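Just so you know, the protein sequences line up as chains A and B, in that order.
If you want the numbering used here, it's the 1-based position in the first sequence plus 21.
If you want the numbering used here, it's the 1-based position in the second sequence plus 21.
In this text, a Cβ means the ideal position worked out from N, Cα and C, and glycines have one as well.
Please read these numbers as outputs of a predicted model, since none were measured by experiment.
Have a look at the structure below before the remarks.
Number of protein chains: 2
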Amino acid sequence: MITDRAELLSLCGERFRATYLIASAPEEALERARDICIEQTVEFPADLIERADIRDQVIGRVESLEEIGPERCEAVIEFAVEVAGGELTQLLNVLFGNISIKPGIRLERLDLPESMGETFRGPRFGRRGLRALLDAPKRPLLSTALKPMGLSGRELAELAADFACGGIDIIKDDHGLSDQSFCRFDDRVSRCSEAVLRAAEQTGKPCLYFPNITAPADELVDRARAAKRAGAGGLVLSPGLTGFDSMRRLADDDDIALPILSHPAFLGSFTAAPGQGISHGALYGQIGRLSGADASIFPSFGGRFSFTSEECRDIVDSTLRPMGRLAPNFPAPAGGMTLERVPELLEFYGEDVILLIGGDLHRHGSNLIEGCGRFVERTNPPPTTS
Amino acid sequence: MITDRAELLSLCGERFRATYLIASAPEEALERARDICIEQTVEFPADLIERADIRDQVIGRVESLEEIGPERCEAVIEFAVEVAGGELTQLLNVLFGNISIKPGIRLERLDLPESMGETFRGPRFGRRGLRALLDAPKRPLLSTALKPMGLSGRELAELAADFACGGIDIIKDDHGLSDQSFCRFDDRVSRCSEAVLRAAEQTGKPCLYFPNITAPADELVDRARAAKRAGAGGLVLSPGLTGFDSMRRLADDDDIALPILSHPAFLGSFTAAPGQGISHGALYGQIGRLSGADASIFPSFGGRFSFTSEECRDIVDSTLRPMGRLAPNFPAPAGGMTLERVPELLEFYGEDVILLIGGDLHRHGSNLIEGCGRFVERTNPPPTTS
């Protein structure tokens with residue numbers, strides 16, 4: 022039994038809000054919302070907590086509950102900022118730690134007060150910064166991936182040179198390239214960085230190479246630094262594999278200071294079941310931004326994955342949704358995109374997008390540069406085209 | 022078009038196997054299994070890969086496909102060991118990276134060759150090592166958590182002392198205790214470590230304090246070292262928040278060398294939808310062990326979460342399933358357990374278990390030590406009790 026014998030808490034009083042979809046009718050949903058308030062904080066029988074300061078300040082508060090459909094309610098819950106302790110790991114724990122294991126609860130959205138937008142700096146570059154690096158103030162950005170796995174660093178660098186000459190803006194490692202014996206990280210990154218820098222010099226058009234630095238916890242920062250030294254223009258990271266905070270740590274590093282492209286590998290289960298997990302917008306949009314992603318790759322509708330256009334819209338909206346002072350970042354739809362679909366994709370995503378086309382660029386004849394040229398044309402048709 | 026111009030791959034030829042449940046009838050399931058082989062490796066149109074070595078050695082292989090029910094097939098897929106590059110991040114990426122985003126695929130089980138059991142050392146202590154530390158060769162181990170959040174380090178240390186005097190084996194931080202302003206990590210860990218060490222000296226019975234070191238990526242190792250210096254007996258980590266490889270990195274650290282208790286926070290979505298995600302056994306059992314967990318906390322059937330007894334059995338089996346040379350680790354069922362249920366839990370889990378009872382220990386009168394005594398009695402009734 023906890024009694025009132027201790028020093029009082031001195032919480033700052035500021036609160037952040039999380040919106041949950043609860044798969045229950047209102048009465049039961051309210052009970053479940055109250056349970057979330059406890060489960061995500063004290064995780065202790067409420068009737069055994071005698072201390073008023075813990076009950077009032079540590080336990081979350083149901084701010085509102087709205088029935089939005091049969092057996093569907095939306096609950097807004099407030100938590101004290103200090104409960105998250107200024108740490109992304111603990112913030113994610115409060116938002117969805119234990120309740121990830123309870124059925125029928127989905128984290129829909131987060132709303133952070135201004136002060137948390139200072140604690141979490143978010144994207145270092147964001148849309149504006151990435152556009153400035155690429156000298157592309159106003160058009161869709163084009164990206165492709167170096168693959169297939171099994172090629173050597175030298176071969177991938179040849180591909181990279183072709184892509185850069187063809188007008189691609191961002192050339193990324195395929196996310197499965199790590200440090201395999203048949204394609205070592207250092208060799209690949211130095212060759213590809215050099216090839217892309219040289220091609221950009223020749224064409225006069227900026228082009229950035231983003232190596233994949235998803236790596237063991239004790240090598241991640243070293244790989245990012247090695248990439249920077251080699252002349253890479255950005256970094257690819259799969260936060261599902263490394264943890265979101267590893268991305269935040271890299272984004273916050275003033276010496277590395279490279280744009281970060283977030284890859285969705287190993288994150289799919291969060292959005293796999295309707296009414297459970299984390300909404301597409303909160304996961305790929307909000308949590309990605311909070312973790313410092315300058316662009317977030319996700320599988321677009323109509324490709325070889327299964328996101329709907331509404332789910333993709335939710336992601337796009339969340340890359341822009343006001344969150345303290347966090348910069349908007351780029352949505353980067355991918356996953357089986359084709360040149361044929363570029364007009365449709367642009368109509369849906371608009372110009373503030375990174376279009377990522379991989380395999381299909383290789384389908385258009387033996388000359389990769391020409392394939393890239395078609396990609397460029399389709400995204401930016403010359404005004405005199407008839 | 023990729024041609025045969027490069028040096029040949031020199032893969033070692035050894036393979037690991039992943040078993041997937043695919044929610045399709047056999048013909049379609051075979052197609053989907055072949056798609057997994059590509060998606061998880063080259064992620065490239067197979068018809069554009071002319072190099073035989075990449076087709077044969079890099080792309081996964083369907084080893085078997087068995088219909089196990091209507092629209093349910095089990096596919097065993099083999100991947101070259103070298104594709105995982107000796108890194109847990111990339112191994113998890115090959116096992117379930119992109120396909121986590123495809124519906125109707127569940128990772129059921131992994132089978133690693135002996136050589137990978139050398140790459141990944143797994144639990145440093147495991148069942149045997151943890152029993153040796155606790156001088157408890159043959160009985161269920163008892164654990165509880167320091168909570169509720171909101172108490173100061175001094176108050177938590179008082180609780181810890183009572184638990185240690187009461188005969189608890191492992192006293193862990195609640196997983197939501199990080200480094201909040203109202204309960205700083207350093208203060209809490211030094212006070213609780215000292216309290217538990219002192220109590221153990223008084224009782225003559227070993228007792229270990231496991232602080233929660235789940236923390237930002239750039240502070241995690243420092244917290245583990247600080248915990249070690251303060252005299253902590255182990256570490257609690259939520260790999261869903263930090264990434265599994267952060268656990269592996271800590272387990273492999275010869276200077277830290279403390280047992281690790283894995284907490285399931287933020288992992289729930291992997292098992293939330295039947296037929297998707299990762300099986301309970303593979304996630305909490307196999308991947309936990311591979312990542313160095315000496316014990317894996319999971320929500321037991323019959324508590325306030327929703328795992329079934331079959332799912333819990335799958336976890337228990339996987340803590341023991343042969344995996345190279347990896348030591349078996351402890352299942353640690355938790356999540357709303359009560360003293361009343363101890364006999365039932367022991368009947369189900371047997372004696373090779375860590376029983377974790379939190380809130381309910383506080384329900385049995387104002388004297389915590391007595392409550393612990395009842396916990397001890399129920400797990401280890403004296404032979405002369407009539």
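List the whole-angstrom C-beta distance separating B:D134 from B:F37, where the pair is believed to meet the contact cut-off of C-beta under 8 angstroms.
In the second sequence, residue 134 of chain B corresponds to position 113, counting from 1. In the second sequence, residue 37 of chain B corresponds to position 16, counting from 1. Per the sequence presented here, residue 134 of chain B reads as Pro, with Asp not at that position. Indeed, because the Cβ distance is near 6 angstroms, the residues count as touching under 8 angstroms.
Does chain A have any CB closer than 8 angstroms to the CB of B:M22?
The residue you call residue 22 of chain B lines up with position 1 of the second sequence. Confidence in B:M22 is poor, its pLDDT being 41 and thus under 50, which makes the residue's placement unreliable; the coordinate value appears in the next sentence. Judged by the 8 angstroms Cβ criterion, B:M22 is in contact with chain A.
Chain A contact residues for B:Q19, given Cβ-Cβ distances below 7 angstroms
The structure shown does not extend to residue 19 of chain B, since chain B spans only 22 to 407, so no value can be given for it.
What is the residue span of the beta strand (DSSP E) that A:P352 lies within?
Taking the first sequence and counting its residues from 1, one reaches residue 352 of chain A at position 331. Run containing A:P352: F351 to A355, per the beta strand (DSSP E) assignment.
Who are the neighbours of A:L133 on chain B, taking C-beta pairs under 9 angstroms?
Sequence index remark: in the first sequence, residue 133 of chain A carries index 112 (1-based). By Cβ distance, chain B contributes nothing, its closest Cβ being about 17 angstroms from A:L133, past 9 angstroms.
Which value, in whole angstroms, describes the spacing of the CA atoms of A:A182 and B:G289?
Taking the first residue of the first sequence as position 1, residue 182 of chain A is located at position 161. Taking the first residue of the second sequence as position 1, residue 289 of chain B is located at position 268. About 43 angstroms.
Once DSSP output is grouped into helix, strand and coil, what is the label at A:S290?
One-based indexing of the first sequence puts residue 290 of chain A at position 269. Helix, per DSSP.
By DSSP's criteria, A:S317 is part of a beta bridge. Which residues make up the other side?
Taking the first sequence and counting its residues from 1, one reaches residue 317 of chain A at position 296. DSSP lists A:S283 and A:P352 as partners of A:S317.
If you follow the alpha helix (DSSP H) that B:C333 is in, where does it begin and where does it stop?
In the second sequence, counting from the first residue as 1, residue 333 of chain B sits at position 312. Per DSSP, B:C333 belongs to the alpha helix (DSSP H) from S330 to L341.
Flag A:I189 as yes if its beta-carbon sits less than 8 angstroms from any beta-carbon of chain B, otherwise no.
Your numbering for residue 189 of chain A matches position 168 in the first sequence. Chain B, which has no Cβ nearer than 8 angstroms to the Cβ of A:I189, makes this no.
Any chance the region 242 to 249 of chain B sits against the region 271 to 278 of chain B, with 3 or more Cβ pairs inside 8 angstroms?
yes
Residues near B:R152 in its chain [Cβ-Cβ closer than 7 angstroms; skip 5 each side]:
If you number the second sequence from 1, residue 152 of chain B lands on position 131. Cβ neighbours of B:R152 beyond the five flanking positions: P158.
Any idea what DSSP makes of B:I299, helix, strand or coil?
Translated into positions along the second sequence, residue 299 of chain B becomes position 278. Reduced to three states, the DSSP call for B:I299 is strand.
Tell me whether B:K193 sits in a helix, a strand or coil according to DSSP, three-state version.
Position 172 of the second sequence, counted from the start, is the residue given in the question as residue 193 of chain B. The answer is strand: DSSP assigns B:K193 an E or B state.
Smallest Cα separation from B:E84: which of B:I57, B:E365, B:T359 and B:F328?
Mapped onto the second sequence, residue 84 of chain B falls at position 63. That would be B:I57, whose Cα lies nearest to the Cα of B:E84.
Out of curiosity, what's the CA-to-CA distance linking B:L155 and A:F65?
In the second sequence, residue 155 of chain B corresponds to position 134, counting from 1. In the first sequence, residue 65 of chain A corresponds to position 44, counting from 1. Rounded to the nearest angstrom, the two C-alpha atoms are 27 angstroms apart.
With 16 other Cβ atoms within 10 Å as the buried cut-off, status of A:I89
Along the first sequence, read from residue 1 onward, the residue named residue 89 of chain A stands at position 68. With fewer than 16 other Cβ atoms within 10 Å, it is exposed.
For A:D366, report the span of its alpha helix (DSSP H) as first-last.
The residue given as residue 366 of chain A occupies position 345 in the first sequence. Note that residue 366 of chain A corresponds to Leu in the displayed sequence, not to Asp. Run containing A:L366: V363 to Y370, per the alpha helix (DSSP H) assignment.
Please report whether the beta-carbon of B:I281 lies at a distance below 8 angstroms from any beta-carbon of chain E.
As a matter of chain content, chain E is missing from the structure shown, whose protein chains are A and B.
Give me, in chain order, the residues of the same chain whose beta-carbon lies closer than 8 angstroms to that of A:D335; leave out the 5 immediate sequence neighbours on both sides.
For the purposes of this step, residue 335 of chain A is taken as residue 314 along the first sequence, with counting starting at 1. Taken in chain order, the residues that qualify are S300, H301, G302 and G306.
Here's the rule I'm using: 16 or more other beta-carbon atoms within 10 Å means buried, otherwise exposed. How should A:R6 be labelled?
Since the displayed chain A opens at 22 and closes at 407, residue 6 of chain A lies outside it and no answer follows.
Taking A:K159 as the query, report the chain B residues whose CB atoms sit under 8 angstroms from its CB, ordered along the chain.
As a working note, residue 159 of chain A is residue 138 in the first sequence. Near A:K159 there are no residues of chain B at all, since even the closest Cβ is about 31 angstroms away, more than 8 angstroms.
Local Cβ density within 10 Å of A:A46, reported as buried at 16 or more and exposed below that:
Looking up residue 46 of chain A in the first sequence gives position 25. Exposed is the call here.
Short check: CB of A:E99 to CB of A:G81, under 8 angstroms?
Within the first sequence, numbered from 1, the residue matching residue 99 of chain A stands at position 78. Within the first sequence, numbered from 1, the residue matching residue 81 of chain A stands at position 60. Yes, Cβ-Cβ distance for A:E99 and A:G81 is below 8 angstroms.
Three CB pairs or more closer than 8 angstroms across the region 183 to 191 of chain B and the region 218 to 230 of chain B:
yes
What residues from the region 262 to 280 of chain B come within 7 angstroms of chain A, judged by C-beta to C-beta, listed N to C?
L262, T263, G264, D266, S267 and R270
Kindly indicate which three-state DSSP category B:K243 falls into: helix, strand or coil?
Position 222 of the second sequence, counting from 1, holds the residue named residue 243 of chain B. Here residue 243 of chain B is Asp; the residue named in the question, Lys, does not match the sequence. Three-state result, B:D243: helix.
Straight-line Cα distance separating A:P260 from A:F287:
If you number the first sequence from 1, residue 287 of chain A lands on position 266. If you number the first sequence from 1, residue 260 of chain A lands on position 239. If I take the Cα positions, the gap works out to 8 angstroms.
Based on the DSSP output, what are the partners of A:I98 in its beta bridges?
Counted from its first residue, the first sequence places residue 98 of chain A at position 77. For A:I98, which the question treats as bridged, DSSP gives the partners A:A39 and A:V83.
Can you tell me whether DSSP reads A:N233 as helix, strand or coil?
Position 212 of the first sequence, counted from the start, is the residue given in the question as residue 233 of chain A. It is a strand residue.
Looking at the C-beta of B:L113, does it have a partner C-beta in chain A at a distance below 8 angstroms?
As a first step, residue 113 of chain B is located in the second sequence; it is residue number 92 there, counting from the start. Chain A contact via Cβ: present.
Threshold first: 4 residues or longer. Then list the alpha helix (DSSP H) segments lying entirely within the region 41 to 69 of chain B, N to C.
DSSP runs (the alpha helix (DSSP H)) wholly in the region 41 to 69 of chain B: 47 to 60.
Would a check of beta-carbon distances place A:M16 closer than 8 angstroms to chain B?
The structure shown does not extend to residue 16 of chain A, since chain A spans only 22 to 407, so no value can be given for it.
Leaving out the 5 sequence neighbours to the left and right, which residues in its chain are closer than 6 angstroms to A:F117 when beta-carbon positions are compared?
By 1-based counting over the first sequence, the position of residue 117 of chain A is 96. These residues qualify, in order along the chain: L128.
On a CA-only basis, which of A:S121, A:D132 and A:G34 is nearest A:T40? Give me that one, please.
Numbered from its first residue, the first sequence carries residue 40 of chain A at position 19. It is A:D132.
Closer than 7 angstroms at the beta carbon, the chain B residues around A:L341:
Within the first sequence, residue 341 of chain A is the residue found at index 320, counting from 1. In chain order: nothing, as chain B lies at least about 23 angstroms away.
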